[in-house]
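A quick write-up on the structure given underneath.
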Amino acid sequence: MSPNQDLRTTPLHAVHAEAGATFTDFGGWQMPLKYGSELSEHHAVRKAAGLFDLSHMGEVRVTGPQAAEALDYALTARVSNVAPGRAKYSLICTEAGTILDDLIVYRLDDGQDDSAREYLVVPNAGNASSVAAALTERSVGFEATVRNESAQTALVAIQGPQAARVLSAVLPEEEADSLPELKYYAARTATVRTGAAGGDGTGEVPVLLARTGYTGEDGFELIIGPLADREELSAAATAVWNALASAGAAAGVELLPCGLASRDSLRLEAGMPLYGNELDLGHLPAESGVGMAVPLKSKETDFVGRDALLAAREAGTGTTSGQALVALKAAGRRAARAGYAVLDADGNRIGEVTSGIPSPTLGYPIALARVDVAHREPGTELAVDLRGKAEPFTVVELPFYRRQD
């Protein structure tokens, strides 16, 4: 497929094209949808490991003596409480309390000098520019500098039960030995040896290595850059990608390159929301399954959207009033899709599906839906209008799938 000139491409685009990827438009980027079978890619991540290009994601660096205070004001999370080397999931909301984006914040400084605070904010692809602009606007009055480094950064993820084994093979011995100590939602600097395990080079690429992911499996995300030169960035990202692929082959691990199709089915099984589906500018966090990312009881400092979110809490939005996000399990074999109407026992429309698939791991259709709060309790019997026929679904607990450690 020839590139659409109106779409952006990642530094790894040539690698995907050579591998025969099928591309799709995602957030203004031309991204791999799949390389062969999305089911094979999905199962590889659940059983062994998968390799993802996430270079379309944004990277916004916030530095300065009041970087923490600026982020406390800009985001819902208590960023000032994040320890060095750790990360936190957060939301950035509008004044009305609706969701501009969900994102991860990494604290990069060592904690020795408060005047040298440094954070990396990773927003979603289509929202990177708007998040960077909002952070810049909200940092006015604070001693903090905001730099959008998205165009100078690449991101490669390796996910699955064999991810740590494969990754260890491309790290220096001391870093590989300490890899088990890296906790979930923690990050550190690391070095990928691109000539290790049959890789295609003899160099080294410095990365920010994070134990994070969006698949429900153990895994790591490797942030490369910032590098201002596009060719240099592409070469570094390609070297990291090929080193991991070679290490997987050398270890006998079924490590497959994976596209957006399998990433979506993996995240949905794990009950993880996606911006544009479960999260958007039209709904509050409590209506979208991410109310836990708004610590109204423990965060006393002001932040953008706080008044609206406090008012929503007082009104019981998402609990006793309005709508809430629920998990649905199908009784039959037909899958619900985003936009399909959710019906109560009397056939009344009480909500809408936000995401739905036939679950490759579980063997039955699953969905997330936003419904009236009266129908949010697990065990509630509902139906989804599948092209004119009401098919039975049951509200269940999240996540649909949980890995066995």
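Numbering (numbering that gives the first Met the number 0), first residue to last: 0 to 404.
By construction, the Cβ of each residue, glycine as well, lies at the ideal position given by its N, Cα and C atoms.
Quick caveat, the model's predicted, so the values are computed rather than measured.
- Quick one, which of Glu277, Leu74, Ala43 and Gly35 has its alpha-carbon nearest Gly251's? Working through the sequence shown from its first residue, we reach residue 251 at position 252. Nearest of Glu277, Leu74, Ala43 and Gly35 to Gly251, Cα basis: Ala43.
- Extent of the continuous alpha helix (DSSP H) run through Glu172: The residue you call residue 172 lines up with position 173 of the sequence shown. Element bounds for Glu172: Glu172 to Asp176.
- Item | Delimiting residues of the beta strand (DSSP E) encompassing Glu216 | In the sequence shown, residue 216 corresponds to position 217, counting from 1. First-last for Glu216: undefined, no H or E at that position.
- Message: Quick check: what's the CA-CA separation for His41 versus Cys257?
- Response: What you label residue 41 is simply residue 42 of the sequence shown in a count that begins at 1. What you label residue 257 is simply residue 258 of the sequence shown in a count that begins at 1. Taking the straight line from one Cα to the other gives about 8 Å.
- When we look at the beta-carbon of Leu280 and count the other beta-carbons within 10 Å, is it buried (16 or more) or exposed? What you label residue 280 is simply residue 281 of the sequence shown in a count that begins at 1. Exposed: under 16 other Cβ atoms inside 10 Å.
- Just the C-alpha distance for Gly378 and Phe141, rounded to the nearest angstrom, thanks. Counted from its first residue, the sequence shown places residue 378 at position 379. Counted from its first residue, the sequence shown places residue 141 at position 142. About 49 Å.
- Message: To the nearest angstrom, how far is the alpha carbon of Leu283 from that of Lys87?
- Response: Taking the first residue of the sequence shown as 1, we reach residue 283 at position 284. Taking the first residue of the sequence shown as 1, we reach residue 87 at position 88. For Leu283 and Lys87, the gap between their C-alpha atoms comes out near 20 Å.
- Message: Less than 8 Å between the C-beta atoms of Leu208 and Arg187, yes or no?
- Response: Residue mapping note: residue 208 aligns to position 209 of the sequence shown, counting from 1. Residue mapping note: residue 187 aligns to position 188 of the sequence shown, counting from 1. Yes, they are a contact pair.
- Task: Return the CA-CA distance between Asn126 and His12, expressed in angstroms with no decimal places.
- Result: Within the sequence shown, numbered from 1, the residue matching residue 126 stands at position 127. Within the sequence shown, numbered from 1, the residue matching residue 12 stands at position 13. Answer to the nearest angstrom: the Cα atoms are 21 Å apart.
- Query: Assuming Leu107 and Leu119 make a contact with CB atoms under 8 Å, what is their CB distance in whole Å?
  - Reply: Counted from its first residue, the sequence shown places residue 107 at position 108. Counted from its first residue, the sequence shown places residue 119 at position 120. That pair is a contact at about 6 Å.
- Check whether the Cβ atoms of Glu216 and Phe399 lie closer than 8 Å to each other. In the sequence shown, residue 216 corresponds to position 217, counting from 1. In the sequence shown, residue 399 corresponds to position 400, counting from 1. Going by C-beta atoms, Glu216 is not nearer than 8 Å to Phe399.
- Query: Between the Cα of Leu226 and the Cα atoms of Ala153, Arg386 and Gly49, which residue gives the shortest distance?
  - Reply: Counted from its first residue, the sequence shown places residue 226 at position 227. A check of alpha carbon separations from Leu226 across Ala153, Arg386 and Gly49 identifies Ala153 as the nearest.
- Message: Once DSSP output is grouped into helix, strand and coil, what is the label at Val169?
- Response: Position 170 of the sequence shown, counted from the first residue, corresponds to residue 169. Note: Val169 maps to coil in three-state DSSP.
- Task: Measure the Cβ-Cβ separation of Thr353 and Arg369 and say whether it is below 8 Å.
- Result: Numbered from its first residue, the sequence shown carries residue 353 at position 354. Numbered from its first residue, the sequence shown carries residue 369 at position 370. Going by C-beta atoms, Thr353 is nearer than 8 Å to Arg369.
- Message: Per the DSSP calculation, Arg146 is bridged to which residue(s)?
- Response: Against the sequence shown, residue 146 aligns to sequence position 147. Note: Arg146 sits in a beta bridge opposite Arg60.
- Message: Using a Cβ-Cβ distance cut-off of 8 Å, determine whether Val370 contacts chain D.
- Response: In the displayed structure, chain D is absent; only one protein chain is listed.
- Task: Whole angstroms is fine: what's the gap from Gly197's alpha carbon to Ala249's?
- Result: Taking the first residue of the sequence shown as 1, we reach residue 197 at position 198. Taking the first residue of the sequence shown as 1, we reach residue 249 at position 250. Low confidence applies to Gly197: its pLDDT is 47, below 50, so where it sits in the model is not reliable, and the reading given next is rough at best. Distance between the alpha carbons of Gly197 and Ala249 is about 7 Å.
- Task: Could you have a look at Met271 and say whether DSSP puts it in helix, strand or coil?
- Result: Indexing the sequence shown from 1 puts residue 271 at position 272. If DSSP states are grouped into helix, strand and coil, Met271 belongs with coil.
- Message: Give me the residue from Ala311, Thr144 and Ile223 with the minimum Cα distance to Val61.
- Response: Start at 1 with the first residue of the sequence shown, and residue 61 comes out as number 62. Closest option to Val61, Cα to Cα, is Thr144.
- By Cβ distance, which residues of its chain are closer than 8 Å to Pro294, with the 5 residues on each side in sequence left out? Position 295 of the sequence shown, counted from the start, is the residue given in the question as residue 294. The residues are Thr75, Ala76 and Arg77.
- Message: Taking only three categories from DSSP, how would you classify Ala242?
- Response: The count along the sequence shown starts at 1 and reaches residue 242 at position 243. Of the three classes helix, strand and coil, the one that applies to Ala242 here is helix, per DSSP.
- When DSSP builds the beta bridges, which residues end up paired with Phe22? Your numbering for residue 22 matches position 23 in the sequence shown. Beta-bridge pairing links Phe22 to Pro31.
- Task: Could you name the residues of the same chain whose beta carbon sits closer than 7 Å to that of Ile157, not counting the 5 residues immediately before and after it, in chain order?
- Result: As a first step, residue 157 must be located in the sequence shown, where it is residue number 158. Cβ neighbours of Ile157 beyond the five flanking positions: Ala48, Leu50, Val165, Leu166, Gly218, Phe219 and Leu243.
- Task: Count the other CB atoms, across all protein chains shown, that sit within 10 Å of the CB of Glu277; report buried if there are 16 or more and exposed otherwise.
- Result: Mapped onto the sequence shown, residue 277 falls at position 278. That one is buried.
- Task: Would you mind working out which of Ala82, Leu53 and Glu230 sits nearest Ala67, comparing C-alpha positions?
- Result: Mapped onto the sequence shown, residue 67 falls at position 68. Nearest of Ala82, Leu53 and Glu230 to Ala67, Cα basis: Ala82.
- Query: From Arg333, Ala337 and Gly387, pick the residue whose C-alpha is nearest to that of Gly362; which is it?
  - Reply: If you number the sequence shown from 1, residue 362 lands on position 363. Residue Arg333 is the option with its Cα nearest to Gly362.
- How many Å lie between Thr190 and Val169 at the Cα? What you label residue 190 is simply residue 191 of the sequence shown in a count that begins at 1. What you label residue 169 is simply residue 170 of the sequence shown in a count that begins at 1. Computed Cα separation, rounded: 8 Å.
- Item | Span separating the alpha-carbon of Ser1 from that of Asp343 | Residue mapping note: residue 1 aligns to position 2 of the sequence shown, counting from 1. Residue mapping note: residue 343 aligns to position 344 of the sequence shown, counting from 1. With a pLDDT of 44 at Ser1, under the threshold of 50, the modelled position of that residue is not reliable, and the figure given next carries that caveat. For Ser1 and Asp343, the distance between alpha carbons rounds to 46 Å.
- Query: If you draw a straight line from the alpha carbon of Leu367 to that of Pro171, how long is it in whole angstroms?
  - Reply: By one-based count along the sequence shown, residue 367 stands at place 368. By one-based count along the sequence shown, residue 171 stands at place 172. Approximately 42 Å, taken between the alpha carbons.
- State the start and end residues of the unbroken beta strand (DSSP E) segment that holds Thr190. Here residue 190 is taken as the residue at index 191 of the sequence shown, counted from 1. From DSSP, the beta strand (DSSP E) with Thr190 extends over Ala186 to Arg192.
- Query: Around the Cβ of Gly387, are there at least 16 other Cβ atoms within 10 angstroms (buried) or fewer (exposed)?
  - Reply: As a position in the sequence shown, residue 387 is number 388, starting the count at 1. By the neighbour-count rule (16 or more Cβ atoms within 10 Å), Gly387 is not buried but exposed.
- So, Asp52 versus Pro31, is the Cβ gap smaller than 8 Å? As a first step, residue 52 must be located in the sequence shown, where it is residue number 53. As a first step, residue 31 must be located in the sequence shown, where it is residue number 32. Going by C-beta atoms, Asp52 is nearer than 8 Å to Pro31.
- Rounded C-alpha distance that separates Gly420 from Arg7: Any answer about residue 420 is impossible in this case: the structure gives the chain only from 0 up to 404.
- Item | Ranges of the alpha helix (DSSP H) found wholly within the segment 335-362, counting only runs of at least 4 | none
- Task: Counting only the same chain and skipping the five closest in sequence on each side, list residues whose C-beta sits under 6 Å from that of Pro122.
- Result: Working through the sequence shown from its first residue, we reach residue 122 at position 123. Within the same chain, Pro122 has close Cβ partners Gly57, Asp100, Leu102 and Val130.
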